[in-house]
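Numbering (the working numbering), first residue to last: 1 to 216.
Think of the CB as a built atom: it goes at the ideal place given N, C-alpha and C, for glycine as much as any other residue.
Quick caveat, the model's predicted, so the values are computed rather than measured.
What follows is a set of notes on a single structure, which appears directly below.
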């Protein structure tokens, strides 16, 4: 299967199952409920942020939760905030709690629901110049839409454990279609970089640079 076939499979079969399952879980799980309700009005909040900062370029980070957020802080601290605006999206409400007292970012909010339409609306609202995802919270439409809009996409602190499902024969093709959207993958070790190459081949630049959370 090629990338277009995997995109159709994801959007026609996998995503509706994930969306339906999350709505059912939200009835009994407060964390899932908070994640869904917190995404209401996201695009409008992103649009207001863009209006507030004017023409400043936006570097958009994405992380899964509070733990991955810690890995972003030393990276965010390296940027001149007068010249570039720093935004971060997150999947889990735990990151929302951890960010309340942080000043590293100019904008922090949930990531969009991973439908092609929602992601495109979000990107068009916030207008990122560059997107950097940390660790492993890579959502297919998030990655594909960044490539469609010609937004440079990077994976930082990339980890690819030996037992990762991304390396299994039945799943490797799908993940190759997703990870091929990256401009560059920065892995936490030489071993992780080699495992990343087993997924995407030579079509994406892959380097081992260490883990920003520990290599301070």
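Between the segment 133-141 and the segment 56-71 there are three or more C-beta pairs closer than 8 Å, enough to call the two in contact. In this structure, residue 183 and residue 153 form a Cβ contact; the two beta carbons are roughly 6 Å apart against a cut-off of 8 Å. The beta strand (DSSP E) runs of length 3 or more contained entirely in the segment 2-82 are, from start to end of the chain, 58-63. Within the segment 152-178, the complete beta strand (DSSP E) segments at least 3 residues long are 153-158, listed from N- to C-terminus. Its chain contains 86, 88 as the residues whose beta carbon lies nearer than 6 Å to that of residue 105, once the 5 sequence neighbours on both sides are disregarded; these appear in chain order. In the displayed model, residue 206 falls within a strand according to three-state DSSP. Taken atom to atom, the span from the alpha-carbon of residue 124 to that of residue 189 is near 34 Å.
With a contact defined as Cβ atoms closer than 8 Å, residue 110 and residue 35 qualify at about 7 Å.
Non-local beta-carbon contacts of residue 171 in its own chain, meaning distances under 7 Å to residues more than five positions away in sequence, involve 165 in chain order. The three-state reading of DSSP puts residue 200 in helix, counting H, G and I together. Counted as a single uninterrupted DSSP element, the beta strand (DSSP E) harbouring residue 128 occupies residues 128-134.
Setting aside the 5 residues that flank it on each side, residue 49 is surrounded in the same chain by 107, each with a C-beta closer than 6 Å to its C-beta; the list follows chain order. If you draw a straight line from the Cα of residue 97 to the Cα of residue 90, it is about 11 Å long. When DSSP reads this structure, residue 88 sits in a beta bridge with 61, 108. Apart from sequence neighbours up to five positions away, the residues of its chain that approach residue 187 with a beta-carbon distance below 6 Å are 158, 193, 196, 208, ordered along the chain. With contacts defined as CB atoms closer than 9 Å, residue 160 and residue 126 fail to qualify as a contacting pair. In the structure shown, residue 181 falls within a coil segment according to DSSP collapsed to helix, strand and coil.
A straight line joining the alpha-carbon of residue 155 with that of residue 44 spans about 26 Å. A Cβ-Cβ contact shorter than 9 Å links residue 92 with residue 65. Check the Cα spacing between residue 147 and each of 173, 168, 120, 137: the tightest is with 120.
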